[in-house]
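Take the sequence shown: its position 424, counted from the start at 1, is 424 in the UniProt record's numbering, and no numbers get skipped.
Data first, discussion second: the structure below is written as structure tokens.
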Amino acid sequence: MSGKRKRVVLTIKDKLDIIKKLEDGGSSKQLAVIYGIGETTVRDIRKNKEKIITYASSSDSTSLLAKRKSMKPSMYEELDRAMLEWFNQQRAKGNPVSGPICAKRAEFFFYALGMDGDFNPSAGWLTRFKQRHSIREINIRNERLSGDETAVEDFCNNFRDFIEQENLQPEQIYNADETGLFWKCLPSRTSVIKGKCTVPGHKSVEERVTVMCCANATGLHKLKLCVVGKAKKPRSFKSTDTSNLPVSYFSQKGAWMDLSIFRQWFDKIFVPQVREHLRSKGLQEKAVLLLDNSPTHPNENVLRSDDGQIFAKYLPPNVASLIQPSDQGVIATLKRNYRAGLLQNNLEEGNDLKSFWKKLTLLDALYEIAVAWNLVKPVTISRAWKKILPAIEEKVGLDFDEEDISVAAVATILQHTKGLENVTTENIEKWLDVDSTEPGYEVLTDSEIIRRAQGQTDESSENEEEETELIPEKHINHAAALQWTENLLDYLEQQGDMILPDRLVVRKLRATIRNKQKMTNSSQ
């Protein structure tokens with residue numbers, strides 16, 4: 001007769017590992033045996049998967065998650081939610097967060113939330129708050145966190161030691177960062193036309209998306225841009241399959257990056273594409289993704305491949321603004337390429353700017369931003385790593401200013417744009433940098449933090465989502481598509497100034513459609 005099974009209490013990290021194994025097809029029975037627990041416990045972990053991942057994602061410490069065994073809630077749950085939201089935003093901005101500042105903020109939220117009784121944000125409360133959310137430390141002094149040159153040097157030295165220990169080459173070191181993009185923002189003679197957008201920095205921006213770029217330190221592997229829009233399938237997409245877009249498209253009601261989207265992107269896009277690239281280079285399938293402390297970036301325990309060989313590492317809050325590679329000209333170059341490309345397209349189509357703006361759709365913008373990313377040269381990206389990895393070899397004779405789209409180049413295009421021939425240099429600069437400080441994550445006011453802590457939803461966001469309702473899809477059969485290509489070829493043949501490659505592209509397209517038509521007919 002077998003003895004009674006010894007009671008095993010799993011850590012949060014153990015539970016995360018079990019979730020990973022379940023997602024990879026592991027059985028409850030096998031995992032129960034491996035971890036020495038009952039199958040019911042495994043099923044409970046599966047049931048509480050999102051709750052566990054959300055808790056781990058908001059944690060500040062990998063080592064504490066490996067020790068912590070419960071997600072015991074605070075007796076003041078609303079206050080805890082508000083404080084965690086506020087703390088994550090301060091950390092992302094690199095603002096100082098001392099014990100006294102935390103206590104003062106906690107007292108403010110306690111009364112703002114309308115909670116009953118007296119509240120004393122003592123040192124004991126602060127310690128328990130840190131333990132509940134696996135926060136390593138809160139500075140007890142009021143020193144400025146952002147822009148700490150000494151901390152930069154310390155991090156860079158430690159990071160170089162780390163990559164040497166891990167035997168990582170620049171080809172295996174990546175950085176990703178998000179930014180907001182006003183995709184329908186065009187210049188004017190006096191200010192900036194943003195269509196239905198409000199003043200930059202305000203949140204009621206209808207024509208705004210979040211764009212995340214990711215590349216390795218050599219600049220030779222640029223992943224497809226990740227774009228987050230409001231609608232699951234915007235009106236302009238029509239019958240377009242989102243998997244065929246030139247970007248990786250996700251949706252969120254405010255067009256913000258969030259923890260869930262970032263985790264999906266890491267698991268389903270980043271890890272597979274990095275593996276494929278490293279295989280093509282004959283390198284070990286091992287890589288590190290360097291990230292800042294955005295509230296939308298999950299804990300290191302969550303951002304890890306199944307074999308643990310592809311993982312994330314975080315920049316300290318007090319150095320991210322100074323050395324994060326994407327912020328050293330990469331994102332700025334991407335946006336300038338995008339805006340210059342829009343102007344050039346308008347010029348080539350011969351439209352006035354207002355009619356061009358009116359016809360511009362999100363689908364058009366996604367193709368244009370993908371082109372803009374392709375135009376960001378490897379040297380621009382590798383140079384952005386110079387502060388962290390000064391040993392990366394640079395090509396001699398290339399200057400950053402030559403890489404960037406200059407104000408003068410944009411002014412030249414505008415000289416040929418009706419109504420904008422005399423736009424000032426100042427307004428061009430404002431337009432090019434209109435969203436330079438726009439974050440990729442949602443920045444909440446105190447009032448919004450309080451509403452979210454109380455579980456209130458944003459009704460305006462729900463209503464805006466309804467406006468992006470899909471129009472009925474129109475099915476186009478092979479015969480109709482073939483007829484259109486025939487007509488287009490006839491047109492091109494009649495135009496003496498059309499170059500040969502244009503006709504060859506359409507002929508290739510016609511051959512593809514014919515093959516699809518034959519396959520369809522043979523299967524019927």
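Backbone N, C-alpha and C fix where the C-beta goes; we use that ideal spot for every residue, glycine too.
How long is the line joining the alpha carbons of GLY455 and THR412, rounded to whole angstroms?
-> What you label residue 455 is simply residue 455 of the sequence shown in a count that begins at 1. What you label residue 412 is simply residue 412 of the sequence shown in a count that begins at 1. Going from the Cα of GLY455 to the Cα of THR412 covers about 52 Å.
Going by CA-CA distance only, name the one from ALA103, PHE182, GLU178 that's closest to PRO325.
-> Locating residue 325 in the sequence shown gives position 325, counting from the first residue. Comparing Cα positions, the closest option is GLU178.
Using only alpha-carbon positions, find the residue among ASP44, PHE356, ARG7 that is nearest to residue 530.
-> Outside the shown range of the chain, which is 1 to 524, sits residue 530, and nothing can be said about it.
Under the three-state DSSP convention, the category ASP7 falls into = Residue 7 sits at position 7 when you count from the first residue of the sequence shown. Per the sequence shown, the amino acid found at residue 7 is Arg instead of Asp. Note: ARG7 maps to coil in three-state DSSP.
How is MET212 classed by DSSP in three states: helix, strand or coil?
-> On the sequence shown, residue 212 is found 212 positions in, with the first residue counted as 1. Reduced to three states, the DSSP call for MET212 is strand.
Can at least three beta-carbon pairs, one atom from the region 435-453 and one from the region 283-300, be found at a separation below 8 Å?
-> yes
Helix or strand or just coil, what does DSSP make of ILE37?
-> Along the sequence shown, read from residue 1 onward, the residue named residue 37 stands at position 37. Reduced to three states, the DSSP call for ILE37 is coil.
Between the CA atoms of ASN95 and HIS202 - distance to the nearest angstrom = Counting from 1 along the sequence shown, the entry for residue 202 is found at position 202. Counting from 1 along the sequence shown, the entry for residue 95 is found at position 95. Low local confidence applies: a pLDDT of 36 at HIS202 is under 50, so the model's placement there is unreliable, and no value is given.
Could you name the residues of the same chain whose beta carbon sits closer than 7 Å to that of TRP385, not counting the 5 residues immediately before and after it, in chain order?
-> Along the sequence shown, one-based indexing puts residue 385 at 385. So the list reads ALA217, PRO325, ILE392, once near-sequence residues are dropped.
Where do the N-terminal and C-terminal ends of the beta strand (DSSP E) with THR179 fall, by residue?
-> As a working note, residue 179 is residue 179 in the sequence shown. 173-182 is the span of the beta strand (DSSP E), which, as asked, contains THR179.
Whole angstroms is fine: what's the gap from CYS226's alpha carbon to MET212's?
-> Counting from 1 along the sequence shown, the entry for residue 226 is found at position 226. Counting from 1 along the sequence shown, the entry for residue 212 is found at position 212. For CYS226 and MET212, the distance between alpha carbons rounds to 5 Å.
Within its chain, find whatever has a CB closer than 8 Å to the CB of SER28; leave out the 5 residues flanking it on each side and keep chain order.
-> Residue 28 sits at position 28 when you count from the first residue of the sequence shown. LEU22, GLU39, VAL42, ARG43, ARG46, listed in sequence order.
Is it the case that the Cβ atoms of ALA453 and ALA82 are separated by a distance below 8 Å?
-> The residue you call residue 453 lines up with position 453 of the sequence shown. The residue you call residue 82 lines up with position 82 of the sequence shown. Yes, Cβ-Cβ distance for ALA453 and ALA82 is below 8 Å.
Name the DSSP bridge partner or partners of ALA312?
-> By one-based count along the sequence shown, residue 312 stands at place 312. DSSP lists LEU289 as partners of ALA312.
Can you tell me whether DSSP reads LYS281 as helix, strand or coil?
-> The residue labelled residue 281 in the question sits at position 281 within the sequence shown. Coil.
Euclidean distance between Cα positions of LEU414 and VAL423 = Taking the first residue of the sequence shown as 1, we reach residue 414 at position 414. Taking the first residue of the sequence shown as 1, we reach residue 423 at position 423. VAL423 has its alpha-carbon roughly 8 Å from the corresponding atom of LEU414.
Would you mind stating whether LYS268 and TRP373 have Cβ atoms separated by less than 8 Å?
-> As a first step, residue 268 must be located in the sequence shown, where it is residue number 268. As a first step, residue 373 must be located in the sequence shown, where it is residue number 373. Not a contact, by the Cβ cut-off of 8 Å.
Would you kindly check if the distance between the Cβ of VAL8 and the Cβ of ILE34 is under 8 Å?
-> As a first step, residue 34 is located in the sequence shown; it is residue number 34 there, counting from the start. As a first step, residue 8 is located in the sequence shown; it is residue number 8 there, counting from the start. No. Outside cutoff.
Does the Cβ of VAL505 have 16 or more other Cβ atoms within 10 Å, making it buried, or fewer, making it exposed?
-> Sequence index remark: in the sequence shown, residue 505 carries index 505 (1-based). Exposed is the call here.
Cut-off 8 Å between Cβ atoms - residues of its own chain near TRP265, not counting five sequence neighbours on either side | For the purposes of this step, residue 265 is identified with residue 265 of the sequence shown, where counting begins at 1. Taken in chain order, the residues that qualify are MET212, CYS226, SER248, PHE250.
Straight-line Cα distance separating LYS518 from ALA56 | Looking up residue 56 in the sequence shown gives position 56. Looking up residue 518 in the sequence shown gives position 518. Whole-angstrom Cα-Cα distance: 52 Å.
Exposure of PHE155, with buried meaning 16 or more beta-carbon neighbours within 10 Å = In the sequence shown, residue 155 corresponds to position 155, counting from 1. Buried: at least 16 other Cβ atoms inside 10 Å.
Collapsed DSSP secondary structure at PHE270 in the structure displayed = Start at 1 with the first residue of the sequence shown, and residue 270 comes out as number 270. Helix, per DSSP.
Could you tell me whether any non-hydrogen atom of the ligand GDP is closer than 7 Å to the CB of SER326?
-> The ligand GDP is not part of this structure, which contains no ligands at all.
Give, in chain order, every unbroken run of the beta strand (DSSP E) that is at least 3 residues long and sits entirely within the region 231-276.
-> 248-251
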